[in-house]
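In what follows, a structure is listed as structure tokens, so that the remarks can point back to it.
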Amino acid sequence: MPRVFKAIDIENEEKEVKRDYLDRHMPHVICPDQVKRGEKFQVKVILGEEYPHPDEYDHSISLIQLWNRETLLAEARYTPGVYGNLPSHVEVDFYIVAPDVSMNLSAMSVCSKHGLWQSEDKPVKVI
Ligand SMILES: [Fe+2]
0 MPRVFKAIDI
10 ENEEKEVKRD
20 YLDRHMPHVI
30 CPDQVKRGEK
40 FQVKVILGEE
50 YPHPDEYDHS
60 ISLIQLWNRE
70 TLLAEARYTP
80 GVYGNLPSHV
90 EVDFYIVAPD
100 VSMNLSAMSV
110 CSKHGLWQSE
120 DKPVKVI
């Protein structure tokens, strides 16, 4: 089982070098707090708040997944160089339809060099 890095690791880290490392890999889920049942809405996943991640042939973000609790909803795969070999905040927009019950969304990202990273949970109320 791989180690999964979580957002709490950043909050507890005070050293700038380590904060840089944690921040650039961490996915964030951005979407409304409340959506209407049966309506399509946008869920953006973006990595890093302050620090961009490298996009090199041997070190890049290769996968972003969107989860609702234990269910995988969608995923996007990336080839090294797709961001022009420049450091970037990798991001993707997913569009999903609100189900009958409220959701607890989260995102996972995979760095080809630094493993698996998990966002904070994003509760979404369905009305
Ligand atoms: Fe990395």
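Numbering (numbering that gives the first Met the number 0), first residue to last: 0 to 126. For each residue, glycine too, the CB sits at the ideal point set by N, CA and C.
Where do the ends of the beta strand (DSSP E) carrying residue i lie?
i: Val122; result: Reading the sequence as shown, one finds Pro at residue 122 and not Val. Looking at the DSSP string, the run of the beta strand (DSSP E) that includes Pro122 is 121-125.
i: Arg76; result: 70-76
i: Asn103; result: 102-110
i: Glu207; result: This structure leaves residue 207 out entirely; the chain is present only between 0 and 126.
i: Val81; result: Counting along the chain, Val81 falls outside any beta strand (DSSP E), and DSSP gives it neither H nor E.
i: Leu85; result: Taken as a continuous stretch (DSSP letters only), Leu85 belongs to no beta strand (DSSP E), as it is neither H nor E.
Just to confirm my understanding: we take residue i, look at its own chain, exclude 5 residues before and 5 after, and list those with CB closer than 7 Å. What are they?
i: His113; result: His24
State the DSSP-derived secondary structure class of residue i, mapped to helix, strand or coil.
i: His24; result: helix
i: Lys35; result: coil
i: Lys17; result: helix
Between the alpha carbons of residue i and residue j, how many angstroms are there, rounded?
i: Gly83; j: Asp54; result: 7 Å
i: Ala6; j: Gln117; result: 7 Å
i: Leu46; j: Met102; result: 21 Å
i: Arg76; j: Ser105; result: 17 Å
i: Gln33; j: Pro79; result: 35 Å
Residues in the same chain with beta-carbon distance under 8 Å from residue i, minus the five sequence neighbours each way, listed in chain order, please.
i: Ser87; result: Pro51, His52, Asp54
i: Glu31; result: For the record, residue 31 in the displayed sequence is Pro; it is not Glu. Same-chain partners within the cutoff: Phe40, Val123.
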